[in-house]
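Trainee:
In this note's numbering, the protein residues as written are 1 to 451.
Spelled out as structure tokens, the structure:
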């Protein structure tokens, strides 16, 4: 039997060299794989951090829901919207957060059982969520599935946009449209009653003049009666006339009937003034721009708005000598009305039920090529924290039924945008507010383009 020869030293060294090379290759491969894993981990971490940042910065509420319907993840906006701690939301059934569903026409279903909560996380619809205090939170809800490599649903991403402010604005807009319709109806009624009011006024004036004439006839009749009283054959007739005169209380009628006719005529004239003011306010001509007397427009507006301020404030007018202004006087009537009504509400807020009376002061003046209108009140003043928002549409500090929050926004648009003017204010808490309007007498050739 032949014994194999022992490997030589050279062979062993070559084998060792090959093994060392293999080890170095493996080490390099491991190092490269480790580096790749590290980079992948860093990239994953960066992607996760970025997605976290995106979720946190979104103003809309985001909820990630398992296919089973339980909540997997929420962003801070969802926590704030619902008023529920994040820990309480995680794992909660999504269906428990939904109070009501308003399906769009595209999602209309046939009558049948209510959809499962899991069915609500896909699609776009209005949903009413339930807040922590049981309040209803209307949201525009949009959900979509997140699918895995083989198309299976791994989760649902749901985005909810708060609709509370939009709903409030829609309600205010509907209220404004109702008020506009009421205003149009009132203007129509004013037009319809104008003619009968004129008839009543003319009739009362005729009665007053007739009563004055009849008093002269009554005096002559009494003189004749007295002259006949000494004749015996006429005595029974004179006594009968005296009894009838006493029963009718002719002395009282002769004194009071002219005064009653005068009071009635004064009341009718007052009604006619209000009707005329309503007509002028609602239908100031063609609503095209023309030279207009703003002092007359202010007096008309004060007549229309009298019911707003007569119980709480006295009006002081300081109407200066101002030239006619090229404007849409109907628009400016609206501005004056908004400012006067706001002033009345501010005074009412300050005096409460104290029985005091405030003051609304309206002053006009000419200044070069402009006219200034100042509307001041002795009301409560505008709180500092809301002053930057008073010209924003739908912003109001008034209670329900007191305002839509559009008055100052409309005034700003009419004065600044449509007439090229300015509107500003001064206010002091507890003392009152003054609004300053500057209107150019002739706003220039681009005025019609702004209209």
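Cβ atoms here follow ideal geometry from the backbone N, Cα and C, with glycine treated the same way.
(1) Counting along the chain, where does the alpha helix (DSSP H) carrying residue 76 start and finish?
(2) When DSSP builds the beta bridges, which residues end up paired with residue 425?
(3) What are the boundary residues of the alpha helix (DSSP H) that includes residue 57?
(4) Looking only at its chain, what residues have a beta carbon closer than 7 Å to the beta carbon of residue 58, apart from the 5 residues adjacent to it on each side?
(5) For a minimum of 3 consecutive residues, which ranges assigned as the beta strand (DSSP E) are wholly contained in the segment 287-332?
(6) Out of 271, 421 and 340, which has the shortest C-alpha to C-alpha gap to residue 437?
(7) Write down every uninterrupted run of the alpha helix (DSSP H) in the segment 191-248 whose length is 4 residues or greater and which is fully enclosed by it, in chain order.
(8) Tell me the DSSP bridge mates of residue 160?
(9) Which partner residues does residue 374 have in the DSSP bridge list?
(10) Between which two residues does the alpha helix (DSSP H) carrying residue 408 extend?
(11) Give the DSSP-derived three-state secondary structure of residue 357 in the structure shown.
(12) If we call anything under 8 Å between Cβ atoms a contact, is residue 301 one with residue 340?
(13) Terminal residues of the continuous beta strand (DSSP E) containing residue 126?
(14) What first and last residue would you give for the alpha helix (DSSP H) that runs through residue 88?
(15) Hey, how far is the Cα of residue 151 from the Cα of residue 157?
(16) Helix, strand or coil: which one does DSSP assign to residue 96?
(17) May I have the straight-line CA-CA distance separating residue 225 from residue 356, to the nearest angstrom?
Mentor: Considering the structure as presented:
(1) 76-82
(2) Residue 425 pairs with 435.
(3) For residue 57, the uninterrupted alpha helix (DSSP H) run begins and ends at 9-57, by DSSP.
(4) So the list reads 75 and 77, once near-sequence residues are dropped.
(5) 290-292, 313-319 and 325-327
(6) 421
(7) Complete alpha helix (DSSP H) runs here, min 4: 235-248.
(8) 61 and 141
(9) 363 and 436
(10) 407-412
(11) Residue state, collapsed to three classes: coil.
(12) yes
(13) 123-130
(14) Counting along the chain, the alpha helix (DSSP H) containing residue 88 begins and ends at 86-89.
(15) C-alpha of residue 151 to C-alpha of residue 157: approximately 16 Å in a straight line.
(16) Residue 96 carries a helical assignment under DSSP once its states are collapsed to helix, strand and coil.
(17) 58 Å
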